[in-house]
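A.B. asks:
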Amino acid sequence: MLRRVNNRTVLESRTGDAVPPDLGEPTATGRIVAGALGISFVLFLIWACFAPLNRGVVATGLVGAEGGRTVVRHLEGGTLAELRVSEGETVKQGQVLAVMDLRQARIARNVVAERLLKTQIESASLSAEAQGLRSITWPAPVLQALEKGDPTALEWTKIQIVAFEARLGALDAEVSGLRQQSERLSAGIVGLNSTAVSLQRQAQLVAQQTKSLRGLQAQGFAPRNRVLELERSGAEVNGRIGEARAALAQNQIARAQVQTQLTQTKAQAVERAASRLSDLQAQIAEMEDRVASLDLQIERGTILAPVDGVLLARAVTSPGVAIEPGKPLFEIVPEGALVLRVQVRPTDVERLRVGAKAKVRFSGLNPQTTPQVDGTVVFVGGDVDVEPNTGQPFFQAHIEIASAEIKRLGSQQLRPGMPVEVFVDGGARTALQYLVEPVVRAYQRAFTE
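Using the numbering used here, the letters of the sequence shown map in sequence onto residues 39 to 487.
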């Protein structure tokens, strides 16, 4: 039966116990709450489907140089004599960073240069001899050394002049002797020619006399003995003509031999000088290359800064240490072209793109006085690198900071090597995507068997 209790209608059972009303029937308040929750859920779904949520990529790195660090090395190596800079110091192009111990190089250079000068002097002497000149023409390096009063040049030119004149005198004496011999033979040839002509004339006269006398002897007017004497005289003259002609031929042959010997003597002198000159010229070329190499080594012994910038690191700390050839000595970062070089995890690189905006915080500066600055991604590495110390893989990215943003730092200067933290805008996605993506990924990894 029904009865009212506290303004409520209560159904009582036959035993007198109260029966609760139907709890599934909503009240007015419940309907309002349910409606509000439903509307809120629908609005949340609409917001989740359309409202963008920015996602970021966190990366760390260092302040670097746009052109990269310039590594200064020494090609030959050796012992360090002077160290003139310290880490963090600002250097200018051409400034002396260090000086190598160049004593051995200078000694070697002086030895080779002295040998080169002597060889050039001897070469000039032989060149004059090979050309048949009567005096020596010194080359420019020798003249310069003489003008400076170089003791080696002064002494060696005197020695070579004496040697040149001695060789020239010996050649002149030999040539003069051969010429005199040739002249004597020529004079003998002239005399023999005259003798032969005279004998020939005499033979003709004897022959004429003999012919006339034979005619008289045939008529009985001349004795036979006289004819025989003329015939004997004619035979003697003809014999003497033969001897003169033979002597003339011998003298002509001897003169030709002397002329040949004279020519050979001159040619041999030129050949000896030219052969020796060729050897010396090869030595000169080799020594000039050696001197140039040593000059370059001495020049490189003064290690200069190749660019303006900041000395970021140095591998040597004090003079006297031995340096290996090609070993890096200094690292210089050019000033006025600073960019950020950051390392991005491989799982985040897909959200990184060139042109993306970034927020940069310089953890090496006072966070209370250093504002965050805006930057832009200008480079994303195309392949993974590995950190040599930790072995962790990463992609390299470069963040460029506009000059206007750098001015916001005020008096605080950015130095290469300063640590930075970068927050890169990885793109927008909806809240629904944010909630659904983990479920989708889990679903894709599930049900693989």
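All C-beta atoms, glycine included, are put in the ideal place defined by N, C-alpha and C.
Would you kindly check if the distance between the Cβ of L223 and the Cβ of A292 is under 8 Å?
C.D. replies: Position 254 of the sequence shown, counted from the start, is the residue given in the question as residue 292. Position 185 of the sequence shown, counted from the start, is the residue given in the question as residue 223. Contact: yes.
A.B. asks: Residues in its own chain within less than 8 Å of L61 by CB, not counting five upstream and five downstream?
C.D. replies: Working through the sequence shown from its first residue, we reach residue 61 at position 23. Residue placement at L61 is flagged as unreliable, the pLDDT there being 49, under the threshold of 50; a coordinate-derived value is accordingly withheld.
A.B. asks: Go through the stretch 286–345 residue by residue and report every complete run of the beta strand (DSSP E) that reaches 3 residues or more, in order.
C.D. replies: Fully enclosed beta strand (DSSP E) runs of 3 or longer: 340–342.
A.B. asks: Going by C-alpha to C-alpha distance, which of L155, L121, Q169, P409 sits closest to E443?
C.D. replies: Your numbering for residue 443 matches position 405 in the sequence shown. Minimum Cα distance to E443 is reached at P409.
A.B. asks: Can you grab the Cα-Cα spacing for the pair L334 / P357, in whole Å?
C.D. replies: Residue numbering aside, residue 334 sits at position 296 when the sequence shown is read from its first letter. Residue numbering aside, residue 357 sits at position 319 when the sequence shown is read from its first letter. Taking the straight line from one Cα to the other gives about 22 Å.
A.B. asks: Given 8 Å as the limit, is there contact between the stretch 120–139 and the stretch 339–352, that is, 3 or more CB pairs closer than that?
C.D. replies: Touching, yes.
A.B. asks: Using the Cα positions of T355 and V348, report the straight-line distance between them to the nearest angstrom.
C.D. replies: To locate residue 355, count along the sequence shown from 1; it is residue 317. To locate residue 348, count along the sequence shown from 1; it is residue 310. Spanning the two alpha carbons is a distance of roughly 17 Å.
A.B. asks: Are the beta-carbon atoms of V460 and L378 separated by less than 8 Å?
C.D. replies: Along the sequence shown, read from residue 1 onward, the residue named residue 460 stands at position 422. Along the sequence shown, read from residue 1 onward, the residue named residue 378 stands at position 340. Cβ distance < 8 Å, so V460 and L378 count as in contact.
A.B. asks: Assuming I174 is part of the alpha helix (DSSP H), what are its boundary residues?
C.D. replies: Here residue 174 refers to the residue found at position 136 of the sequence shown. Per DSSP, I174 belongs to no alpha helix (DSSP H) and is neither H nor E.
A.B. asks: Which residue comes first and which comes last in the alpha helix (DSSP H) that contains E160?
C.D. replies: The sequence position of residue 160 within the sequence shown is 122, counting from 1. 141–168 is the extent of the alpha helix (DSSP H) around E160.
A.B. asks: Buried or exposed: which applies to F417, given that a residue is buried once 16 or more other Cβ atoms fall within 10 Å of its Cβ?
C.D. replies: As a working mapping, residue 417 is identified with position 379 in the sequence shown. Exposed is the call here.
A.B. asks: Applying the criterion that 16 or more other CB atoms from any shown protein chain within 10 Å of the CB defines a buried residue, is T248 buried or exposed?
C.D. replies: Locating residue 248 in the sequence shown gives position 210, where the first residue counts as 1. The residue in question, T248, is buried, as its Cβ has 16 or more Cβ neighbours within 10 Å.
A.B. asks: In whole angstroms, what is the alpha-carbon distance linking Q406 and V398?
C.D. replies: On the sequence shown, residue 406 is found 368 positions in, with the first residue counted as 1. On the sequence shown, residue 398 is found 360 positions in, with the first residue counted as 1. Roughly 15 Å separates the two Cα atoms.
A.B. asks: Can you tell me the Cα-Cα spacing of L216 and L209, whole angstroms?
C.D. replies: Residue 216 sits at position 178 when you count from the first residue of the sequence shown. Residue 209 sits at position 171 when you count from the first residue of the sequence shown. Spanning the two alpha carbons is a distance of roughly 11 Å.
A.B. asks: Bridge partners for E438 per DSSP, in chain order?
C.D. replies: Numbered from its first residue, the sequence shown carries residue 438 at position 400. E438 is bridged to T414.
A.B. asks: In this structure, does DSSP put D210 in helix, strand or coil?
C.D. replies: Taking the sequence shown and counting its residues from 1, one reaches residue 210 at position 172. Correct three-state label for D210: helix.
A.B. asks: If P177 sits next to A201, beta carbons under 8 Å apart, how far is it from one beta carbon to the other, in whole angstroms?
C.D. replies: Position 139 of the sequence shown, counted from the first residue, corresponds to residue 177. Position 163 of the sequence shown, counted from the first residue, corresponds to residue 201. Contact flag wrong, Cβ pair sits at about 17 Å.
A.B. asks: Checking the sheet assignment: what are the DSSP bridge partners for F433?
C.D. replies: Counting from one through the sequence shown, the residue named residue 433 turns up at place 395. V382.
A.B. asks: Quick one: what does DSSP say R389 is sitting in, helix, strand or coil?
C.D. replies: Here the question's residue 389 lines up with position 351 in the sequence shown. Here R389 sits in helix by DSSP.
A.B. asks: If you draw a straight line from the alpha carbon of L315 to that of E193, how long is it in whole angstroms?
C.D. replies: Taking the first residue of the sequence shown as position 1, residue 315 is located at position 277. Taking the first residue of the sequence shown as position 1, residue 193 is located at position 155. Distance between the alpha carbons of L315 and E193: 20 Å.
A.B. asks: By the 10 Å Cβ neighbour count, where 16 or more other Cβ atoms means buried, how is E185 classified, buried or exposed?
C.D. replies: Position 147 of the sequence shown holds residue 185. Its Cβ having fewer than 16 others within 10 Å, E185 is exposed.
A.B. asks: When we look at the beta-carbon of A396 and count the other beta-carbons within 10 Å, is it buried (16 or more) or exposed?
C.D. replies: Against the sequence shown, residue 396 aligns to sequence position 358. It is buried - the Cβ of A396 has at least 16 other Cβ atoms within 10 Å.
A.B. asks: State the Cα-Cα distance for the pair T428 and I370, rounded to the nearest angstrom.
C.D. replies: Residue mapping note: residue 428 aligns to position 390 of the sequence shown, counting from 1. Residue mapping note: residue 370 aligns to position 332 of the sequence shown, counting from 1. Approximately 25 Å, taken between the alpha carbons.
A.B. asks: Compute the distance between the beta-carbons of I199 and I174, then report whether it is under 8 Å.
C.D. replies: In the sequence shown, counting from the first residue as 1, residue 199 sits at position 161. In the sequence shown, counting from the first residue as 1, residue 174 sits at position 136. Cβ distance < 8 Å, so I199 and I174 count as in contact.
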